[in-house]
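A short write-up of the structure that comes next.
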Amino acid sequence: ADEAVGIPSLLPPTVALAFLTGPGLVKLGPWLHDEWRSSKRGLRLVTCVESLDTAMDFDDPAAMFTDANALGWTVCRDHAKWGVFVVPPFGQGVDEWRSEVPGGSFPLRLLRREAEA
């Protein structure tokens, strides 16, 4: 669509990477949830350090008494020891998502062009 100005068209994203602390994830959570639910291409969300289902806004004193997973995120913790958390595409459970990967290897694999897009 933007080739006329020298910007190549890109396919809609299938992965969104968020490297934010708890307060940022909490603030972006509703927007990310809407994008994730409405994605037609199986959007996966990847967070680093904190996961969407346990993120807390430490700037909010009431955060300790609220449900951190009020939006109902499903999170794959296969690589939690590295601080990487993946939300499978909307409507897929973690086990179902894993089972679709040939050989059962970790399903987060990006082609170079996808990683650099």
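Residue numbers (my numbering): 308 to 424. A virtual CB, placed ideally from N, CA and C, is assigned to each residue, including glycine.
Could you spell out where the alpha helix (DSSP H) holding V391 opens and where it closes?
Within the sequence shown, the letter at position 84 stands for residue 391. From DSSP, V391 is part of no alpha helix (DSSP H) but of the beta strand (DSSP E) over V391 to V394.
Around the C-beta of S358, are 16 or more other C-beta atoms found within 10 angstroms, so that it is buried, or is it exposed?
Taking the first residue of the sequence shown as 1, we reach residue 358 at position 51. Per the 10 Å Cβ criterion, buried.
Tell me whether R351 is buried or exposed, calling it buried when 16 or more other Cβ atoms sit within 10 Å of its Cβ.
Residue numbering aside, residue 351 sits at position 44 when the sequence shown is read from its first letter. That one is buried.
Identify the continuous alpha helix (DSSP H) that holds R344 and give its terminal residues.
Looking up residue 344 in the sequence shown gives position 37. Taken as a continuous stretch (DSSP letters only), the alpha helix (DSSP H) holding R344 covers G329 to S345.
How long is the line joining the alpha carbons of S345 and N376, rounded to whole angstroms?
Here residue 345 corresponds to residue number 38 of the sequence shown, with the count starting at 1. Here residue 376 corresponds to residue number 69 of the sequence shown, with the count starting at 1. Roughly 19 Å between the two C-alpha positions.
Can you find at least 3 beta carbon pairs, one from the segment 400-409 and one from the segment 356-373, that sit closer than 8 Å?
no
Proximal residues to T354 (C-beta, below 6 Å), its chain only, five neighbours per side dropped
In the sequence shown, residue 354 corresponds to position 47, counting from 1. These residues qualify, in order along the chain: A325 and F392.
With distance defined between alpha-carbon atoms, name the residue in W389, S406, M371 and K388 nearest to G329.
Taking the first residue of the sequence shown as 1, we reach residue 329 at position 22. Of the candidates W389, S406, M371 and K388, the one whose C-alpha sits nearest the C-alpha of G329 is M371.
Could you have a look at D309 and say whether DSSP puts it in helix, strand or coil?
By 1-based counting over the sequence shown, the position of residue 309 is 2. With a pLDDT of 47 at D309, under the threshold of 50, the predicted position of this residue should be treated as unreliable, and no value is reported.
Backbone secondary structure at D360 - three-state DSSP
The residue given as residue 360 occupies position 53 in the sequence shown. Reduced to three states, the DSSP call for D360 is coil.
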